[in-house]
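Add 1 to the 1-based position in the sequence shown for our numbering, that's all there is to it.
Each residue gets a CB set at the ideal place from its N, CA and C atoms; glycine is no exception.
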Amino acid sequence: MRRLCSILATLCLLAALAGPVEAFTVVTPGFAVSVPIYAAPPPPVYAPAPVYVAPAYEAPTVYVGPAYAPPPVYVGPGYYPPPPRWGR
């Protein structure tokens, strides 16, 4: 029995150093003993939820086009009324 306890203690120590283990089974010619190990897994690491930060308000840009100019007026030759009919 002392030998069994020393084997289990050694296995528990090795398991703690090695990694995750669910159970130890010690098999001898006369009997077998399976010892479950209940070790809680480490808590999951959660990344914090992203926080939305709205951009600062900025007034929309206003397009200022060129000043209005009326279309150019064609200045042709002066208007001369036709001569009177009686003068022909």
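Less than 7 Å between C-beta atoms, sequence neighbours within five positions excluded: which residues of the same chain meet that for residue i?
i	result
Pro-43	none
Val-36	Leu-9, Ala-24, Phe-25
Ala-50	none
Val-63	none
Find the nearest neighbour of residue i within the set the options, judged by alpha-carbon distance.
i	options	result
Ile-38	Gly-31, Leu-12, Val-54	Leu-12
Val-1	Met-2, Val-74, Ala-57	Because the chain is modelled from 2 through 89, residue 1 falls outside the range shown and cannot be assessed.
Taking the DSSP output, what are the residues bridged to residue i?
i	result
Pro-37	Ala-24
Which of helix, strand or coil does DSSP assign to residue i?
i	result
Ala-60	coil
Ala-55	coil
Thr-29	coil
Ala-68	coil
Ala-48	coil
Under 6 Å Cβ to Cβ from residue i, same chain only, skipping five residues before and after it: list those, please.
i	result
Leu-5	none
Near residue i, what residues of its chain come up, given a Cβ to Cβ distance below 8 Å and the 5 sequence neighbours on each side ignored?
i	result
Ala-60	none
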